[in-house]
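Asks: Numbering (the working numbering), first residue to last: 3 to 70.
Backbone N, C-alpha and C define an ideal beta-carbon position, used for all residues, glycine too.
Note that the coordinates shown come from a computational prediction; the quantities given were computed from them, not determined experimentally.
Laid out in structure tokens, this is it:
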């Protein structure tokens, strides 16, 4: 299921810093990874991707650090 992910949850599960995650998100924006969205929701930030767009493979993502 494609649903928004709380970035704080990524920080907790990966021990990556918010600064590093923000850098990755800014790369997505600069390199025009169409379909990735992130926004502030309450006291947290969320990220999700739009299934209507075919995305090129990012070089470096936070998702590879998550255990599923």
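With residue 41 as the anchor, note down where its beta strand (DSSP E) starts and where it stops.
Replies: Residue mapping note: residue 41 aligns to position 39 of the chain shown, counting from 1. Residue range 38 to 43 is occupied by the beta strand (DSSP E) that includes residue 41.
Asks: Quick one: using the 10 Å Cβ neighbour count with 16 as the cut-off for buried, is residue 47 buried or exposed?
Replies: In the chain shown, counting from the first residue as 1, residue 47 sits at position 45. That one is buried.
Asks: With DSSP as the reference, please indicate the residues paired to residue 50 in a beta bridge.
Replies: Here residue 50 corresponds to residue number 48 of the chain shown, with the count starting at 1. 39.
Asks: Measure the C-alpha to C-alpha separation of residue 3 and residue 17 and round it to an integer number of angstroms.
Replies: In the chain shown, residue 3 corresponds to position 1, counting from 1. In the chain shown, residue 17 corresponds to position 15, counting from 1. A caution first: residue 3 carries a pLDDT of 46, below 50, which makes its placement in the model unreliable, though a value can still be read off. So the alpha carbons of these two residues sit roughly 24 Å apart.
Asks: For residue 26 versus residue 38, is the C-beta spacing smaller than 8 Å?
Replies: Counting from 1 along the chain shown, the entry for residue 26 is found at position 24. Counting from 1 along the chain shown, the entry for residue 38 is found at position 36. Their beta carbons are not under 8 Å apart, which means residue 26 does not touch residue 38 by this criterion.
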